[in-house]
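Throughout the sequence shown, residue numbering follows mature numbering (1 follows the signal peptide of the UniProt record, and there is no 0), covering -18 to -1, 1 to 227 in sequence. Remarks on the structure that follows.
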Amino acid sequence: MKKWIVVLFALLPSLVLAAGGNVHLDKANNDLTDQASLQNGAKLFMNYCFGCHSTQYQRYERIANDLGIPVELAKENLVFDPNAKIGDLMVNSMPQKQAAAWFGAAPPDLTLVARVRGVDWLYTYLRSFYADPSRPFGVNNITFPNVGMPHVLEELQGIPMPVYETEVVDGEEVQVIVGTKSNGRGELSEGEYDEAVRDLVNFLEYSGDPVKLERHALGWWVMGFLVIFSIIVVLLKKEYWRDVH
């Protein structure tokens, strides 16, 4: 019982992150078998997200082994805390109380966020920031209005500007934000940025369920065993009852 209570409280911060209105979600089309994508996603997460968001239910060594990254290379490029060991949980050094004062709420742990909200939501969310001078960090988000975090991937995407369309609401024409368009000053092109976000979301999906592929593969073996076992049971039943009938 205590274990389930711990898991529930671990999910609560991610549920807060997932709050938002109903919007069209783009398909992430993740591929957990794409090891290069997962490696790039891990790199992006550690460089752009880990400063604020931990993945405290994952270990550096597990990620290195699962993603095919040599341990020494992982220690050099993924473990930023000089006091951390390769077998440690991935917890950043940001003080929670100070983070809550800076951002209005402590940044949630992201280990399970892909399982809580879904990969399509994450993929759409990370591509829905737009410049909004009225907000504390100068950005807003279509998927998560009045978001409380900065656009940490801005140097990759460039400054995303809102794209408006005119819609009729209650008989009046209003300007509605329907998308964003980068100013083109980012390090990546639009297509490259979408791929980078997909890699990041791919990594977060893996992080939330590291044994997903193994479980699915095992499931096929179990189904095969049940089919064969059922055939044997039917044949045995017929053989057992043959003389009776």
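C-beta atoms are modelled at their ideal positions from N, C-alpha and C, and glycine is treated no differently.
DSSP three-state assignment for residue 5, whether helix, strand or coil | By one-based count along the sequence shown, residue 5 stands at place 23. Three-state result, residue 5: coil.
Residue 72 versus 60, 83 and 78, residue with shortest Cα-Cα distance | The sequence position of residue 72 within the sequence shown is 90, counting from 1. Residue 60 is the option with its Cα nearest to residue 72.
Taking all protein chains shown into account, decide if residue 45 is buried (16 or more other Cβ within 10 angstroms of its Cβ) or exposed.
-> Walking along the sequence shown from the start, residue 45 turns up at place 63. Residue 45 comes out buried.
Anticipated Cβ contact below 8 Å, residue 88 with residue 78, distance rounded | Position 106 of the sequence shown, counting from 1, holds the residue named residue 88. Position 96 of the sequence shown, counting from 1, holds the residue named residue 78. About 5 Å separates the Cβ atoms of residue 88 and residue 78, confirming a contact at the 8 Å cut-off.
Is residue 11 closer than 7 Å to residue 184 when the C-beta atoms are compared?
-> For this step, residue 184 is matched to residue 202 along the sequence shown. For this step, residue 11 is matched to residue 29 along the sequence shown. No, they are not a contact pair.
Specify whether the region 163 to 176 and the region 133 to 143 touch according to this definition: at least 3 beta carbon pairs, one from each stretch, less than 8 Å apart.
-> Flag = yes, the region 163 to 176 and the region 133 to 143 touch.
Count the C-beta pairs between the region 196 to 212 and the region 49 to 57 that are closer than 8 Å, then say yes if the count reaches three, no if not.
-> With a cut-off of 8 Å, the region 49 to 57 and the region 196 to 212 do not count as touching, because too few Cβ pairs lie within range.
Span separating the alpha-carbon of residue 193 from that of residue 22 | In the sequence shown, counting from the first residue as 1, residue 193 sits at position 211. In the sequence shown, counting from the first residue as 1, residue 22 sits at position 40. Distance between the alpha carbons of residue 193 and residue 22: 19 Å.
Cα-Cα separation, residue 122 to residue 134 = Sequence index remark: in the sequence shown, residue 122 carries index 140 (1-based). Sequence index remark: in the sequence shown, residue 134 carries index 152 (1-based). Per the coordinates, the alpha-carbon of residue 122 lies some 12 Å from the alpha-carbon of residue 134.
At least 3 beta-carbon pairs within less than 8 Å: the region 175 to 182 vs the region 90 to 98 = Counting Cβ pairs under 8 Å, fewer than three are found: no touch.
Would you tell me roughly how many angstroms separate the C-alpha atoms of residue 47 and residue 41, rounded to the nearest one?
-> Indexing the sequence shown from 1 puts residue 47 at position 65. Indexing the sequence shown from 1 puts residue 41 at position 59. Taking the straight line joining both Cα atoms gives about 10 Å.
With residue 94 and residue 190 assumed to form a contact (beta carbons below 8 Å), what rounded beta-carbon distance in angstroms separates them?
-> Locating residue 94 in the sequence shown gives position 112, where the first residue counts as 1. Locating residue 190 in the sequence shown gives position 208, where the first residue counts as 1. Rounded, the Cβ-Cβ distance is 5 Å, consistent with contact.
How about residue 125 and residue 106: are their beta carbons less than 7 Å apart?
-> In the sequence shown, counting from the first residue as 1, residue 125 sits at position 143. In the sequence shown, counting from the first residue as 1, residue 106 sits at position 124. A Cβ-Cβ contact shorter than 7 Å links residue 125 with residue 106.
Span of the alpha helix (DSSP H) around residue 180 = Within the sequence shown, numbered from 1, the residue matching residue 180 stands at position 198. 172 to 190 is the span of the alpha helix (DSSP H), which, as asked, contains residue 180.
May I ask you to report which of helix, strand or coil DSSP gives residue 147?
-> For this step, residue 147 is matched to residue 165 along the sequence shown. Three-state result, residue 147: strand.
Can you check the region 66 to 137 for any beta strand (DSSP E) of at least 3 residues that lies completely inside it and give the ranges in chain order?
-> Whole beta strand (DSSP E) segments, 3+ residues: 111 to 113 and 121 to 123.
7 Å CB neighbourhood of residue 63 in its chain, flanking five on each side removed = Taking the sequence shown and counting its residues from 1, one reaches residue 63 at position 81. These residues qualify, in order along the chain: 75.
Run through DSSP, which three-state label would residue 161 get?
-> If you number the sequence shown from 1, residue 161 lands on position 179. Three-state DSSP puts residue 161 in a strand.
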